[in-house]
Each structure stands twice: as structure tokens, then as C-alpha cells.
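Input: a single structure, listed below in C-alpha cells.
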Amino acid sequence: ILYGQRPCHCKTMQLGSQLSKHTLASRTAAPTRTKQALPAPRLLPLHPNSSTQKRRESLTRMNALGALEPFVVPLCGGLAIGTLSLGKLALSGKVLGISGAVKGLVVGDRALWRYSFIAGLIAGGFALVNYFPSAFDPASTLAALPLSRIITAGFLVGSGTFLGNGCTSGHGICGNARFSLRSLTATLTFMAFGAAAGGLFHTAALQGVQPGLIIPPPPSTSAVTFATSVLGSSLALVSGLALMAKNIRATWLELAADFGTGVLFALGLGAAGMTMPTKVSSFLGVFAGTFDPSLAFVMGGALLVATPGYQLIMRTKVLPHPLLATASTFNLPTSKTIDWKLLGGAALFGTGWGLAGLCPGPALVSVATLQVPSIVFVASLVAGMVVAQKVEQLAG
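The UniProt record's numbering puts the first residue of the sequence shown at 1, with every later residue one more than the last.
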């Protein structure tokens, strides 16, 4: 204008229009975002060290322990029995055979230890009656069997253990712990005849046991406490007497050891269920469609302790002589003969065992209940031993 020229507005207007459109578009247009692809999830393979596998293994172990829970009490009873059997050998140098202790009195061996041990068994029975009465079946159980059957069973058990020189404790535990072929043969024989008699004469059914596989319910707290207390007391008795033997070697201490062993052995039988004929007949009733595996844990627990202990004493001579006994050697059976007396005696014993569900140890303990069938059974057992002795003498 100053120089006399007219300004040109077309380019300015075009540029302003373009800027306005660009500004408006930038203000009104929605911002666009670039979509990023998410990484694909990685699938981790299951391997033995994965947490899932560990949880599965933990659950499996828990289920296995839960399945064994009903058998904790009989297992503790068996461990106590095995401990006392080993302690009897280490302390007194003798095999813990209950029928053998009674047999000695029948044949005229009036050794004081026999009286002391048997008195301990009966005293332990009275302790069970007062402090753990559930160790025994109701009075109606044995009463369900005819008295003639009780007499027959006791007579067969007595004569059979006399001829076969052993029962469930002498052959079944101590003999098998020594790896004795003679004891193994006797054990298999009386187990087979016991199962046959129990099935043929329906012992479990007569005692009110239902057929089928019997898994006991989980034990009560009081039962577990009792069983573990018996096991702990057995360990304490054996170890305590072993320590005392370093300074004292006297007859009175040996007799006290036999009495204490008898008491705790009776309590162990009670905890294990051996003093209940229904338990025994259920275990032997496999041919009648009934089976309670509890007693397998009893014998297994006893052998678990007795076997390594017996082998250690016999093979390594870790004990040159019994800790308490005045004798200088261990009094172990030496016979290896498998003859008609062993087989016939084991067969008779097994048959009587299957007929009533009682063997010498539990029968003596059950005398404390003062039930007529138990007393009659023990009297018949002694009579069977007397008759077997006469037969043996006549046979030469």
C-alpha cells in the first residue's frame, strides 16, 4: 500500500484455510493407537520336580498313612512284644515262649523264673481289666461257643504246643527271628490248620463277626496313648535293667525282670488285640470269607524288632553272656529236626487255636477276667499237656 501496490490475499487465505483445516482435524480426530500383540502363554511341562507333582505325591503319602492309621495300635503292641522277646534273651538268656514256661511246670521243672513270668502275665491281665477293659471281648463272645468246644480247643492247644515245643511266641516270633527252619515249618503249619478250623467250624460267625474284609476304625486317642505307653515302658524296662546289670547280678533282679516282662507282655497282647478271640478268629477266618489283617501287623512289628536283635546277638557275639542271668551261655533251642511230633503238634495247636481264637499267652492273660470259658480253656490246656507227656513217654 505504501509503495502503491495492491496486496495479494489469495495465497494467504489458502494457507490460513489449510492451517485451520489441519488444526480442526487434529483437534477433532480421535487419536489412533497401535495395537501390540500379546505374547502367547507358555505351557510348562509337568516333570517330577514341579509343584503339581509334589502335591500329588504328598496327597498319595497322606492317603497311605491314612490307610495305615487303623493299624497303629496293633503295630505298637507288636513292637512292644518284639522288644520284650529280645529283652528276655539279652537279660535272661532264654527264649520268651509262653507254652514253654507252662510246659516246664508240667514236666517238673519248678524254676522260680517260670512262676515269676506267669504271675506277671496274670497280673498284667488284671491291669488290663482295670485300665484298658476294651482289650477283652464281652463275656458273651466266648459264651457263644459251647463249653465242650472250649474244652476241646484248650486240650488241642495244650497237647499241640507240648508236642511241637512252641506256639505263636516261641515259634512264631523267637524261632523265626533266629531264622529257624523248624520254627518256620511249625508256623506255616499251625497257621494253615488254624485257618482251616476257623473256616470249617465258622468260629468268627459264631462269635458274631460279620463276613468280609474288616478294616478297623481309626483308633481312639486313649487307645493310641495306651499302646505307645506300653511300647515306651517296654523299652525303658529293657534298657533300665541292662544298665543295672553292670553293677548287680543277682537272682532277685532276674526274677523281677521276668515278672516285669510278663506284665508288659500281657499289656502288649492287650494293645495288639490278641486277647480278643474275635480278632483272632477274624484273622484266621479267611476261608470263611472273613479277614481282619490287624494281627499281621502284630507279628510283623514283633519280628521287625526281634529279628535284627537276635541275629546281632547270635552272629556277632556282641553279648558274651546274658546280662542278668547267672548262666554263662544263652539257652537257645538247638534241634533242627522236622518230624511227626513237630508237624503233628503244630497241626493240633493250630486246630485248637482256630476253634476258639485263643492261644496260651492270651488265655493266661484272660484268666484275670474271671470268665468261666477262659478258666476252663486254661485248665483244659494244662490237661492236654499232661496227656501229651504220657503219650510221649509211652511212645518212647
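Yeah, the Cβ is synthetic: ideal placement off N, Cα and C, and Gly gets one too.
Residue i versus residue j: straight-line alpha-carbon distance, rounded
i	j	result
residue 42	residue 293	Low confidence applies here, because residue 42 scores a pLDDT of 46, under 50, leaving its location unreliable; read the following figure in that light. Between residue 42 and residue 293, the C-alpha separation is close to 49 angstroms.
residue 59	residue 144	Confidence at residue 59 is low in this model, with a pLDDT of 49, below 50, so the placement of that residue should be treated as unreliable; the coordinate-derived value is given next. Cα to Cα, the separation comes out at about 44 angstroms.
residue 211	residue 289	6 angstroms
residue 254	residue 118	14 angstroms
residue 88	residue 128	22 angstroms
residue 380	residue 247	43 angstroms
residue 249	residue 323	8 angstroms
residue 186	residue 175	10 angstroms
residue 256	residue 299	26 angstroms
residue 383	residue 67	43 angstroms
residue 264	residue 305	16 angstroms
residue 321	residue 313	10 angstroms
residue 199	residue 283	11 angstroms
residue 138	residue 218	20 angstroms
residue 318	residue 170	23 angstroms
residue 207	residue 109	37 angstroms
residue 132	residue 244	30 angstroms
Three-way DSSP call (helix, strand, coil) for residue i in this model
i	result
residue 103	helix
residue 71	helix
residue 291	strand
residue 332	coil
residue 323	coil
residue 317	coil
residue 379	helix
residue 296	helix
residue 12	In this prediction, residue 12 has a pLDDT of 43, which is less than 50 and means its spatial position is unreliable; what the coordinates show is noted afterwards. Note: residue 12 maps to helix in three-state DSSP.
Whether residue i touches residue j by CB criterion (8 angstroms)
i	j	result
residue 100	residue 154	no
residue 242	residue 91	yes
residue 453	residue 355	With the chain running from 1 to 396 in the structure shown, residue 453 is simply not present.
residue 258	residue 120	yes
residue 71	residue 366	no
residue 238	residue 267	no
residue 150	residue 376	yes
residue 163	residue 345	yes
residue 126	residue 368	yes
residue 357	residue 203	yes
> Taking the runs of the alpha helix (DSSP H) that are 4 residues or longer, which of them lie wholly in the segment 199-249?
Replying inline: Listed in chain order, the complete alpha helix (DSSP H) runs (minimum 4 residues) inside the segment 199-249 are 203-206 and 221-244.
> Is the segment 188-203 in contact with the segment 342-350, if contact means three or more CB pairs nearer than 8 angstroms?
Replying inline: Output reads yes: the segment 342-350 touches the segment 188-203.
> Using 8 angstroms as the threshold, is the segment 209-226 in touch with the segment 359-373, meaning 3 or more CB pairs across them?
Replying inline: These segments do not touch.
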